[in-house]
Structure formats: C-alpha cells, structure tokens
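A quick write-up on the structure given underneath.
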Amino acid sequence: MVRAVAFGLVVLACACAPAPASMSAGEASERLARFAASPADDACTPQGRAMLREAVRVYGAAMEEAGVAWPELPGRRRRGAA
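Just so we're aligned: the sequence shown equals residues 197 to 278 in the working numbering.
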C-alpha cells in the first residue's frame, strides 16, 4: 500500500526539472521510506520532486534487475500492452 501511494504521489508530482545526481539503490530505498513516513510537503518543492523522481527511478531499476515488479495499480495498463 505504501509503495502504491508513493508511486501515485510520484506520478502526480512529476514535473520538468533536471535530474539530481544519481544515488545508490539503498539510498533510494531509504529516501522513499522517509518520504512515505513524513508529510508530503517535500513534494511541493522542485528539489523535493526531483529527489523523489530520482529515488523512484533508481529503486525501480534495482527492483527490476532483481526480478521484482511494481504492484499493479487498478485501472492502469502496463507499457506496451494493447
């Protein structure tokens, strides 16, 4: 549930901004956990949105590499699906 909420917030918070410096998968996981446990006001700043986008990108890539898929959200189609 927390992952789905975090993912939904990321989708809503996406905006055009330069990506911050890359981070490790462990750091990305830690930042996502902190974001999920704190008020969402960090997503109200360009820096907060950029950090959150990068954390989700890095964490998602690490999970995909490990063979773990993101949970399916109701009403969402997978990329490449007809």
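Cβ atoms here follow ideal geometry from the backbone N, Cα and C, with glycine treated the same way.
Coil, strand or helix - residue i by DSSP
i: Leu248; result: helix
i: Pro270; result: coil
i: Ala265; result: coil
Residue range of the unbroken alpha helix (DSSP H) whose run includes residue i
i: Ser225; result: Ala221 to Ala233
Cα-Cα separation between residue i and residue j, rounded to whole angstroms
i: Ala217; j: Glu260; result: Caution is warranted here: a pLDDT of 49 is assigned to Ala217, below 50, making its placement in the model unreliable, and the coordinate value is therefore given only provisionally. About 21 Å.
i: Pro242; j: Ala262; result: 30 Å
i: Trp266; j: Cys240; result: 24 Å
i: Glu268; j: Arg230; result: 23 Å
i: Arg199; j: Pro235; result: 15 Å
i: Arg249; j: Ala232; result: 14 Å
i: Gly180; j: Gly271; result: The structure shown has nothing for residue 180, since the chain only spans 197 to 278.
i: Leu228; j: Phe203; result: 10 Å
i: Val252; j: Arg245; result: 11 Å
i: Val201; j: Met247; result: 16 Å
Distance CB(residue i)-CB(residue j) smaller than 9 Å
i: Ala258; j: Ser225; result: yes
i: Val254; j: Ser220; result: yes
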